[in-house]
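> Start counting at 1 in the first sequence, then tack on 2, and there's your number in my numbering.
We put the beta carbon where it would ideally sit given N, CA and C, even for glycine.
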Amino acid sequence: MPELPEVETVVRDLRPLLVGRRFTSAWAGRLALRKPWKAAWKKRLVGRRVEAVRRRGKWIVLELDDGGRLVIHLGMTGQLTVTSTDEPRKAHTHLRFDLDEPIRQLRFRDVRRFGSATLFPSEEEVEASFTASGLGPEPFGLDPAYWRQRMASTSRCVKAVLLDQGVVAGVGNIYADEALFEARLHPSLIASALGDEAADRLRQAVASVLNRAIEGRGSTIRDYVGGSGLRGAFQNEFRVYGCTGRPCNRCTAVIERVRLAGRSTHYCPQCQKS
DNA sequence: ACAGGATCCTGGGGGC
DNA sequence: TGCCCCCAGGATCCTG
């Protein structure tokens, strides 16, 4: 689902709706998400006030006034929204938190249940968890030397490297393909074979594509909605993702699709030389 | 150590 | 209409 631009959009939408609000009740459904919801978390959440909402990679972090952190991942089909309390409950809603004035509800809905919501007792524990999982740096303002070094030191194809959250946090299948198109690099190129110039181009393309996608409020293929339920618009700007069989709008060659790193990969055979 | 594949889920769409 | 197969914005565990 949601990659960095979608998660960033959710965070920006939720911030004004959540910061300063207090949880007055918490409800969790029975079906397990990727990480099970612990019953004890309800008690610790009720009465807490949200002090900040932020993003790290594809993770959403709600900072609570007791130092606790509610950390949410949207998986493939997750939706985190603030709605009015009397809004009809949609199927596959797994978490609901009532908010104080104005009276509203924070809801987490996830059809495929690849998402997760975890309550950490402190900021330190969140950081330790991110570190333990090897979460890499944010894609904006990346150190060029770091990036070149990561490219030079792996035998994987560039597509696989872009999807590795340990190399750079937040890129997923859509924006990996779009960034490779922008950098005019074939997705199956071996990363260590990139020269410095190509590596720099890719680093800049990643940031550029992600920033433009944020401006478009992310991409809605099917399930994704922002924090207030609105769809994204960047799917209309795709140059290669989901464009298989259509002419490249740069050179008119037909966009192709292959499977790489276990994921569908779209590219222009003319613009992106192997 | 590292790279690639399988796995967790549900639902939509295409072909027959 | 129904069935079967493939596909999907991701992360993690297992294998070779």
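Closest by CA to Ser298, which one among Arg58, Glu103 and Val211?
The question about residue 298 has no answer, for the chain in this structure spans 3 to 276.
> When burial is assigned at 16 or more other CB atoms within 10 Å of the CB, is Val163 buried or exposed?
Counted from its first residue, the first sequence places residue 163 at position 161. So Val163 ends up on the buried side.
> Using DSSP's beta-bridge definition, name the partner residues of Val211.
One-based indexing of the first sequence puts residue 211 at position 209. Answer by DSSP bridge pairing: none, since Val211 is not bridged.
> Select from His94, Ser155 and Gly168 the residue whose C-alpha is nearest the C-alpha of Ala193.
The residue given as residue 193 occupies position 191 in the first sequence. Answer by Cα proximity: Ser155.
> Would you call the CB atoms of Thr11 and Gly234 closer than 8 Å?
Taking the first sequence and counting its residues from 1, one reaches residue 11 at position 9. Taking the first sequence and counting its residues from 1, one reaches residue 234 at position 232. It is a contact, given that the beta carbons lie within the stated cut-off.
> In this structure, what does DSSP give as the bridge partners for Gln81?
For the purposes of this step, residue 81 is taken as the residue at position 79 of the first sequence. In the DSSP output, where bridge partners are listed per residue, Gln81 has Arg111.
> What runs of the beta strand (DSSP E), each 3 residues or longer, lie entirely inside the stretch 5-41?
25-30
> With 16 as the cutoff for other CB atoms within 10 Å, does Lys275 come out buried or exposed?
The residue labelled residue 275 in the question sits at position 273 within the first sequence. The residue is exposed, with fewer than 16 neighbouring Cβ atoms inside 10 Å.
> Which of the three DSSP states is assigned to Phe240 in this structure?
Taking the first sequence and counting its residues from 1, the one referred to as residue 240 is at position 238. Note: Phe240 maps to coil in three-state DSSP.
> Where do the N-terminal and C-terminal ends of the alpha helix (DSSP H) with Arg219 fall, by residue?
Locating residue 219 in the first sequence gives position 217, where the first residue counts as 1. Arg219 -> no alpha helix (DSSP H), and no H or E assigned at all.
> Identify which residue in Gly70, Arg114, Glu217 and Glu126 has its Cα closest to the Cα of Gly77.
Position 75 of the first sequence holds residue 77. The candidate whose alpha carbon is nearest that of Gly77 is Arg114.
> Using the Cβ count rule (16 or more neighbours within 10 Å means buried), how would you classify Phe236?
Taking the first residue of the first sequence as position 1, residue 236 is located at position 234. Phe236 comes out buried.
> With DSSP run on the structure shown, which of helix, strand or coil describes Arg233?
Within the first sequence, the letter at position 231 stands for residue 233. Coil.
> Which word fits Gln151, buried or exposed, when buried means at least 16 other C-beta atoms lie within 10 angstroms of its C-beta?
In the first sequence, the residue the question calls residue 151 occupies position 149. Exposed, since its Cβ has fewer than 16 Cβ neighbours within 10 Å.
> Consult DSSP for Glu140 and reduce its assignment to one of helix, strand or coil.
Locating residue 140 in the first sequence gives position 138, where the first residue counts as 1. DSSP places Glu140 in coil when its eight states are reduced to three.
> Would you mind giving the Cβ-Cβ distance between Phe183 and Cys273, rounded to the nearest angstrom? I have them listed as a contact below 8 Å.
Within the first sequence, residue 183 is the residue found at index 181, counting from 1. Within the first sequence, residue 273 is the residue found at index 271, counting from 1. About 7 Å; that satisfies the 8 Å criterion.
> Which whole runs of the beta strand (DSSP E) in the stretch 156-181 are 3 residues long or more, in chain order?
Whole beta strand (DSSP E) segments, 3+ residues: zero.
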